[in-house]
Amino acid sequence: MLTVLFFARVREELGCASLELAWPEAGLDLDRLQEQLCCEHGDGWRDVLTQDNMVRAINQVVVTGNSALRDGDEIAFFPPVTGG
Amino acid sequence: MTTTKAAQPGITVKVQAADFDVAQLQKSLLSGSAGEGAITTFTGYVRRDNENRQVDVLELEHYPGMTERSITEIVTQATARWPVLAASVVHRVGKLAPGDQIVWVGVASSHREAAFSACEFIMDYLKTRAPFWKKEQGDKGESWVSARQSDNKRAARWQEEGAE
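Chains as they are written, first to last, in the numbering used here: chain G, 12 to 95; chain C, 12 to 175.
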């Protein structure tokens, strides 16, 4: 099982805060997960998830570039942060 | 909601909806750092105007779990870099009004230089690395606050200085 979370503007634009996916026997990486989400949900999702400044995190740590995933991972997509 | 995370002695991180008492926070920091010579604190407040928009409500969203974890990591980095004995961060989430307190950082050290630098480092990194997002409601409607390039530059400055 994978948990995918969306925050702030990304959450609003997708109309989705979180979803769960069954872990595929063949394995998965972050780029393929993103492509799978875009294929399943359509061009609206593709437009949002492929925005230049999209931040991606695996198990609450921001990653740059692609990365292998494991069963049980928590993946998050969010815009640049604006706290403080 | 209140989340407290103690990563190591002297570090306190809280993410909460409730307001905070600056005097009380400073007192707690002092009691956790007996004998230190300096405490530097920073308090951030919600702006009344942001980029020519009047702000009526500022709503802060965060990523529970990652927020506490990333702030703790930032404070831990500061304690590795400067001789800091105690440091605290409180950050509010939820709906806030102009003038409300939003963030507090306190650092105790033997000397003012370390206290000032560590406090500034924590704020600069907090603004660019901790997963909070601000949404404004005001005279021009509702909008997500954009990340500022100037904040990224301020944070990057510490990497240059650290590399020297």
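Even glycine gets a Cβ: it sits at the ideal position worked out from N, Cα and C.
Collapsed DSSP secondary structure at residue i in the structure displayed
i: E47/C; result: coil
i: Y74/C; result: coil
i: F143/C; result: strand
i: S157/C; result: coil
i: T61/G; result: coil
i: D84/G; result: coil
i: V33/C; result: helix
i: S78/G; result: coil
i: N163/C; result: helix
i: D42/G; result: helix
i: V92/G; result: coil
i: R59/C; result: coil
Assigned exposure category for residue i - 16 Cβ within 10 Å defines buried
i: A79/G; result: exposed
i: V74/G; result: exposed
i: H102/C; result: buried
i: M134/C; result: buried
i: P90/G; result: buried
i: H122/C; result: exposed
i: D58/G; result: exposed
i: A83/G; result: In the sequence as displayed, the identity of residue 83/G is Gly instead of Ala. Under this definition G83/G is an exposed residue.
i: G76/G; result: exposed
i: R22/G; result: buried
i: T51/C; result: buried
DSSP beta-bridge partners of residue i
i: H52/G; result: Answer is none; H52/G lacks a bridge partner.
i: G105/C; result: L71/C
i: S120/C; result: A49/C and V95/C
i: V72/G; result: I69/G
i: L137/C; result: None; L137/C has no bridge partner.
i: G152/C; result: G149/C
i: I22/C; result: A98/C
i: S29/G; result: L16/G
i: T54/C; result: W115/C
Point to revise | Near-chain C residues of the region 63-77 of chain G (beta-carbon distance less than 7 angstroms), N- to C-terminal order | key: A68 and Q71
Practice item. Please determine if the region 148-166 of chain C and the region 64-71 of chain C are in contact, where contact requires at least 3 C-beta pairs separated by less than 8 angstroms. Key: Touching, yes, given that three or more Cβ pairs across the two stretches are closer than 8 angstroms.
Exercise for review: Quick one: which residues of the region 38-71 of chain C get their C-beta closer than 9 angstroms to a C-beta of chain G? List them in chain order.
Suggested key: Listed in chain order, the positions of the region 38-71 of chain C with a beta carbon within less than 9 angstroms of a beta carbon of chain G are G55 and L71.
Exercise for review: Scan the region 14-38 of chain G for residues whose Cβ lies nearer than 9 angstroms to a Cβ of chain C and list them as they occur along the chain.
Suggested key: L16, F18, A19, R20, R22 and E23
Check your understanding: Do the region 49-66 of chain C and the region 106-119 of chain C meet, that is, are 3 or more Cβ pairs less than 8 angstroms apart?
Key -> yes
Review point. Are the region 75-92 of chain C and the region 65-74 of chain G touching by the rule of at least three beta carbon pairs closer than 8 angstroms?
Key: yes
Check your understanding: Between the region 38-54 of chain C and the region 79-92 of chain C, are three or more C-beta pairs nearer than 8 angstroms?
Key -> no
Check your understanding: Going along the chain, which residues of the region 108-138 of chain C sit with their C-beta nearer than 7 angstroms to a C-beta in chain G?
Key -> V114, M134, L137 and K138
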